[in-house]
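Chemist: Read left to right, the sequence shown gives residues -19 to -1, 1 to 431 (mature numbering (1 follows the signal peptide of the UniProt record, and there is no 0)). For every residue, glycine included, the Cβ atom is placed at its ideal position computed from N, Cα and C.
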Amino acid sequence: MKKIYLFLIGMVLLTTACSNDLDQFPPNIASSDSLDDFAGVLNAAYYYQLSTVTPIAVMGEFRSDNALMDEAPYTEFDEFDNGLTAMEDQFFGPFYTALYKSILSANNVIENSTNESEIGEAKFLRALSYFKLVQVFGDVSVNLQANPSFSDSSILVRQPATDVYNNVIIPDLQDAMAVLDTEIVNGRASKYAAQGLLGKVYATMGNYGSAEPHLAAVVNGAASAGISLKANFNEIFGAANEVSNSEIIFSTQISSSITDEYSFGSDFWNWFVGDDSKSDFPVDPDLIAAFDNSDANGGGIDLRRAVTLSEDGTTAIKFPKEGGLGAEHDWIELRLADVILLYAETLNENNNSNGSQSATILALLDDIRTRAGLNSLSGTANTQAEVKQVILNERRLELAFEGQRWFDLVRTGTVDVEMGETVNSDYYVFPVPVSEILATDGVIIQNSGY
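(1) Nearest by alpha-carbon distance to residue 167: which of 107, 223, 157 is it?
(2) Using the C-alpha atoms, what's the distance from residue 421 back to residue 96?
(3) Would you identify the three-state DSSP class for residue 314, choosing helix, strand or coil?
(4) Identify whether residue 419 lies in helix, strand or coil by the three-state DSSP scheme.
(5) How would you label residue 91, buried or exposed, when you count the other beta carbons within 10 angstroms and need 16 or more for buried?
(6) Mind the definition here: the stretch 182 to 198 touches the stretch 126 to 134 only if three or more C-beta pairs lie below 8 Å; say whether that holds.
(7) Taking only the alpha-carbon atoms, compute the straight-line gap between residue 228 and residue 173 and give it to the nearest angstrom.
(8) Could you check the C-alpha separation between residue 208 and residue 296 for me, to the nearest Å?
(9) Quick one, are the C-beta atoms of residue 345 and residue 325 less than 7 Å apart?
(10) For the candidate residues 39, 377, 76, whose alpha-carbon lies nearest to that of residue 413?
(11) On the DSSP bridge assignment, give the partners of residue 192 in chain order.
(12) Would you check if the stretch 105 to 125 and the stretch 30 to 49 touch, i.e. whether three or more CB-CB distances between them fall below 8 Å?
(13) Distance check for residue 68 and residue 419, CA to CA, integer angstroms please.
(14) Pull up the CB-CB distance for residue 433 and residue 175, whole angstroms please, since I reckon it's below 8 Å.
(15) Looking at the structure shown, is residue 391 part of a helix, part of a strand, or coil, going by DSSP?
(16) List the whole-angstrom C-beta distance separating residue 342 from residue 329, where the pair is believed to meet the contact cut-off of C-beta under 8 Å.
(17) Quick one: complete alpha helix (DSSP H) runs, 4+ long, within the stretch 357 to 415?
(18) According to the Cβ coordinates, are residue 61 and residue 50 closer than 7 Å?
(19) Starting from residue 110, follow the alpha helix (DSSP H) in both directions and report where the run begins and ends.
(20) Can you say whether residue 36 is buried or exposed, counting buried as having 16 or more other CB atoms within 10 angstroms of its CB?
(21) Would you mind stating whether residue 86 and residue 25 have Cβ atoms separated by less than 7 Å?
(22) Within the same chain, show all residues whose beta-carbon is closer than 6 Å to that of residue 387, passing over the 5 residues directly before and after it, in chain order.
Shown next as C-alpha cells:
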C-alpha cells in the first residue's frame, strides 16, 4: 500500500509537470509549452493555494472566540475533543492534499528551472505551504524532491515541526529573500513577502529575537517598495480595491474565471455572513463586545466594526459579496498592518520586560488606530503583560475574519485565557486526514487526542 501511495505522489507530480496535463488548469494558470519552461508549473504551485483559503479561514476563526457554529457536525469547531475528524472530507483532506500538490509543483521548479526568480517564488510557496501545514497539523511529512522514489517511504514519516521550520521553511524563505525583488508585480511573491513571512515564522516558533530584524526591515522598507497602510480601512477589502492595493504584501488571488479543485477559493466569506454558513449568527458576541470596548481612552468609535460586522452584529461583512458567489475577492495572506502588529509584539517580548519601552511600542499602533477612528493608546498599558494584551486585542479587531485569531492565541500562549476554559494542548492542532493514515498503512500517524 505504501508503494501505491508513493506512486500516487509521483502521479500528482506528473500532472503538475507535463504541459498536456497542465491544460486541465485554466489557461492563465497553465502556460508552459515544455518542460524547459517552468512558468506554468510555478503557476500551478500558486493555483493549489486556492483550495486552502476556506479551510484556513474556518479553522482560524471558528476554532477561536471570533465565530460560532450551531449546526452539527460543524459545532465540533467549538468543542475541544476528537469530533473534528468528522470534518475531514470538507476541510482537512482537501487542505492537506492541495498543499502537498503545491509543494510538488514547487519542488519541480526548484530542482529543474534555471530562472532565479522562478526558483525564489517556488521556495516562497513551498515555505508558505509547509508553514500552513505545520500550523494546522504540527509534525508533517516532508518531501523536497521533484521525483520521489516509489520505494522510499521515509518521506511519509511525519517530521517534528521544529525540524520542518529549521530545515525547510526558514532556509526556503532566506533563499527567496535573496533573489526576489522588493517590488510586488501582479500579485506574485516578493522579497518583503518572504521576509514578512519569515518574521511571522520566527514569532510563531517563539524566537522573537530572530523575528525582530526581519519584521523591522519590512516595516521600515515598505514605503520604498510602494507598500503602505490604506487611508481608509474599507479600502482594503472588496474586489474593486485589489488591483493596486498598497497594503497587501501577498495574497492568494481568486478569480470568478478560475474554479479551484474543491470549490473553496471563491466562497470563504459565505461562512461568516449567515446565509451559506453553518450558523445563522456566526459572529461570537465576545467579538462584538471587543469592538464596542476598543477605545481604551474613550471618545472614539471603531470604524472597523462597520466594515467587519453587520449593523446588528450577527454576521461578518468584511469581504462584501460583490457580484455574488464567485466574485473576485483575493485572500489576504500578509498585509502591512499584520506585520506592524507583529513587530510591536516582537519588540514587547524582546525589549520590554520592565515596561520601559511600553510607550514607544504602543506608538507603533497609532497609525492603525487613527485609521480606525480611535485615540492613541498612550498611557493605557505600562507593563509587558499589559502591552501584550493590548496588541493581541488590536490584532483581533484589525484582522478579524482573516483566518488569524486561533493561530494568534496559540502563538501567544493565551488560548485558555481568551477562550475562557482550559483547553488540552492536543487540540491546538487539527486531525490529520484519516485517508492519509490508511493509505500509508499507518506510516503517517494521527495527532494525539484524535
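Modeler: The answer reads as follows:
(1) Against the sequence shown, residue 167 aligns to sequence position 186. That would be 223, whose Cα lies nearest to the Cα of residue 167.
(2) Reading the sequence shown from its first residue, position 115 is the one you call residue 96. Reading the sequence shown from its first residue, position 440 is the one you call residue 421. Their Cα atoms are separated by approximately 35 Å.
(3) One-based indexing of the sequence shown puts residue 314 at position 333. Strand at residue 314.
(4) What you label residue 419 is simply residue 438 of the sequence shown in a count that begins at 1. Of the three classes helix, strand and coil, the one that applies to residue 419 here is helix, per DSSP.
(5) Residue mapping note: residue 91 aligns to position 110 of the sequence shown, counting from 1. Looking at its Cβ environment, which holds 16 or more other Cβ atoms inside 10 Å, residue 91 is buried.
(6) no
(7) In the sequence shown, residue 228 corresponds to position 247, counting from 1. In the sequence shown, residue 173 corresponds to position 192, counting from 1. Roughly 12 Å separates the two Cα atoms.
(8) For the purposes of this step, residue 208 is taken as the residue at position 227 of the sequence shown. For the purposes of this step, residue 296 is taken as the residue at position 315 of the sequence shown. Roughly 30 Å between the two C-alpha positions.
(9) Within the sequence shown, residue 345 is the residue found at index 364, counting from 1. Within the sequence shown, residue 325 is the residue found at index 344, counting from 1. Contact: yes.
(10) Your numbering for residue 413 matches position 432 in the sequence shown. Ranking 39, 377, 76 by Cα distance to residue 413 puts 76 first.
(11) The residue you call residue 192 lines up with position 211 of the sequence shown. DSSP output for residue 192 lists no bridge partner at all.
(12) yes
(13) Along the sequence shown, read from residue 1 onward, the residue named residue 419 stands at position 438. Along the sequence shown, read from residue 1 onward, the residue named residue 68 stands at position 87. Spanning the two alpha carbons is a distance of roughly 16 Å.
(14) Past the edges of the chain, shown from -19 to 431, lies residue 433, and the structure says nothing about it.
(15) To locate residue 391, count along the sequence shown from 1; it is residue 410. Three-state result, residue 391: helix.
(16) Taking the sequence shown and counting its residues from 1, the one referred to as residue 342 is at position 361. Taking the sequence shown and counting its residues from 1, the one referred to as residue 329 is at position 348. That pair is a contact at about 5 Å.
(17) 365 to 379, 386 to 393, 396 to 400
(18) For this step, residue 61 is matched to residue 80 along the sequence shown. For this step, residue 50 is matched to residue 69 along the sequence shown. The answer is no: Cβ separation not under 7 Å.
(19) Your numbering for residue 110 matches position 129 in the sequence shown. Counting along the chain, the alpha helix (DSSP H) containing residue 110 begins and ends at 97 to 118.
(20) On the sequence shown, residue 36 is found 55 positions in, with the first residue counted as 1. So residue 36 counts as buried.
(21) Along the sequence shown, read from residue 1 onward, the residue named residue 86 stands at position 105. Along the sequence shown, read from residue 1 onward, the residue named residue 25 stands at position 44. A contact, by the Cβ cut-off of 7 Å.
(22) Locating residue 387 in the sequence shown gives position 406, where the first residue counts as 1. Excluding residues within five positions, the ones whose Cβ falls inside 6 Å are 41, 44, 45.
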